[in-house]
Amino acid sequence: MFIWFIALSITGVALVFDSPNLDYRLVAFGSVLPAVEIFLDGPWIGHTLLLPVLTMFLIMLVARGKRLTQRKWLGLPIGLFAHLVLDASWAKTEVFWWPAMGFDSLGGSRVPEMERWPAVLFLELLGIIVGCWIWRRFRLNDKDNRRTFIREGKLNELRK
63 MFIWFIALSI
73 TGVALVFDSP
83 NLDYRLVAFG
93 SVLPAVEIFL
103 DGPWIGHTLL
113 LPVLTMFLIM
123 LVARGKRLTQ
133 RKWLGLPIGL
143 FAHLVLDASW
153 AKTEVFWWPA
163 MGFDSLGGSR
173 VPEMERWPAV
183 LFLELLGIIV
193 GCWIWRRFRL
203 NDKDNRRTFI
213 REGKLNELRK
């Protein structure tokens with residue numbers, strides 16, 4: 063269930079924030095990073111509110127005084143937040159609010175991505191449709207726009 067997260071996180075963030083300096087590759091990466099927990103015996107810190115908050119805090123701390131650097135790297139925690147929303151991770155309060163709801167609530171169960179089988183296939187199909195819309199909306203068929211996105215993570219059409 064990767065296309066769903068990538069396509070909808072990029073779309074949502076681009077339309078809501080409309081930021082030309084955000085690295086949308088990091089948004090995409092952050093949106094799929096928690097899905098790695100499929101291979102780790104259940105939801106871990108990637109499905110909690112703690113990971114995106116800590117990531118954002120570290121970015122702001124490490125790049126203190128470097129506003130453009132902060133803005134660029136904020137794509138990672140924004141992608142992590144997008145994953146929590148798109149996955150409905152917030153519905154599992156004991157995991158989402160970890161460690162506030164107790165330390166023993168992680169692992170040992172299925173990650174939200176796998177609890178919705180076969181609906182996952184529908185979500186992936188929806189992700190493909192949204193991905194096609196992204197391609198057209200941000201004119202990624204244009205060689206220069208595509209190159210800018212691949213090299214810098216920027217969507218040129220946001221600058222207009």
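Residue numbers (our numbering): 63 to 222. Cβ coordinates follow ideal geometry from the N, Cα and C atoms, glycine included.
| query | result |
| --- | --- |
| On the CB-based measure, 16 or more other CB atoms within 10 Å of its CB, does D206 come out buried or exposed? | exposed |
| In the DSSP assignment, the alpha helix (DSSP H) including H145 goes from what residue to what residue? | G137 to L148 |
| Helix, strand or coil: which one does DSSP assign to G215? | coil |
| In terms of residue numbering, what span does the alpha helix (DSSP H) encompassing V98 cover? | Per DSSP, V98 belongs to no alpha helix (DSSP H) and is neither H nor E. |
| Return the CA-CA distance between I72 and F211, expressed in angstroms with no decimal places. | 12 Å |
| Under 7 Å, do I65 and I196 count as touching if we go by C-beta distance? | no |
| What residues in its chain sit with their C-beta under 6 Å from that of H109, if we drop five residues either side in the sequence? | P96, S151 and V157 |
| Return helix, strand or coil for S93, following the three-state DSSP convention. | helix |
| Within 10 angstroms of the Cβ of T117, are there 16 or more other Cβ atoms? Answer buried if so, exposed if not. | buried |
| Cα-Cα, which of F184, N218, L187 and A181 is closest to R198? | N218 |
| Take R201 and list the residues in its own chain whose beta-carbon comes closer than 7 Å to its own, dropping the five residues that flank it on each side. | N207 and E219 |
| Using CA atoms only, rank isn't needed, just tell me which of T155, K216, G215 and L148 is closest to L188. | L148 |
| Taking just the CA atoms, how far does D204 sit from F143? | 30 Å |
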